[in-house]
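S.K.: Before we start, here is the structure in question, set down as structure tokens.
In our numbering, the protein residues as written are 10 to 243.
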């Protein structure tokens with residue numbers, strides 16, 4: 010078994026399926042059978058994985074790195090809809106309903122993906138029905154996150170938007186440390202602004218105020234330490 014795993018150098022000796030909820034109920038032998046169907050691809054920072062209007066023929070699994078799903082508003086502003094990181098997958102809804110992509114996905118850093126073709130994907134769904142349930146669950150979670158984004162954009166109080174953003178990202182990207190929760194953000198300040206639907210200057214000003222209040226501390230351009238999580242929740 011270890012020899013077969015070693016052959017997948019792209020996944021650094023770790024099968025990408027181990028990271029994905031829709032595969033985690035399968036045993037090792039099933040996973041290695043699926044691994045033989047996987048195609049691998051790398052993307053550089055800023056490179057498009059697919060573009061709005063494309064017809065997709067594969068489900069894409071994030072093995073390393075992070076990417077943003079976005080589209081442009083009527084006035085030409087970029088609106089970030091989702092963020093994908095290690096273990097996330099996307100494109101499955103377009104394989105099932107044969108529609109064109111309604112958003113674009115771009116690498117935020119160097120990205121490695123594993124891809125399953127439409128033909129193989131449909132075969133696996135028939136062979137492992139539980140996969141379909143896992144996909145429905147993931148799509149449900151994704152819809153909830155999108156609803157939160159839309160609700161946040163409708164809230165006039167910018168402080169509430171930013172507090173909610175930090176708490177959401179704390180749960181997904183945060184790591185508990187001695188002083189609080191360290192978040193390694195996949196977005197720059199401009200990316201945060203596009204995600205929240207506000208000006209970059211507003212994000213910078215509000216984060217500076219939170220830092221002055223002792224609620225957060227900026228560790229770097231993409232790392233924030235939450236010192237007082239309770240204050241954000243209030």
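Backbone N, C-alpha and C fix where the C-beta goes; we use that ideal spot for every residue, glycine too.
How close, in whole Å, do the beta carbons of residue 77 and residue 115 come, if the pair is a contact with beta carbons under 8 Å?
M.R.: 6 Å
S.K.: How many angstroms separate the CA atom of residue 164 from the CA atom of residue 175?
M.R.: Its pLDDT being 48, under 50, residue 164 is placed unreliably in this model, and the value from its coordinates should be taken loosely. Each residue's Cα considered, the two are about 15 Å apart.
S.K.: What first and last residue would you give for the beta strand (DSSP E) that runs through residue 94?
M.R.: It is not in any beta strand (DSSP E) - residue 94 carries neither H nor E in the DSSP assignment.
S.K.: In chain order, what are the residue ranges of uninterrupted alpha helix (DSSP H) at least 4 long that sit wholly in the region 172-226?
M.R.: 198-205 and 209-221
S.K.: In terms of alpha-carbon separation, which member of 73, 91 and 123 lies closest to residue 80?
M.R.: 91
S.K.: Output the boundary residues of the beta strand (DSSP E) element that contains residue 68.
M.R.: 67-73
S.K.: Would residue 201 be called buried (16 or more neighbouring beta carbons within 10 Å of its own) or exposed?
M.R.: Residue 201 should be labelled buried.
S.K.: Identify, in the order they occur along the chain, each residue of the same chain with its Cβ nearer than 8 Å to the Cβ of residue 93, setting aside the five sequence neighbours on each side.
M.R.: 71, 75, 76, 77, 78, 99 and 114
S.K.: Taking Cβ to Cβ, would you say residue 183 is nearer than 8 Å to residue 171?
M.R.: no
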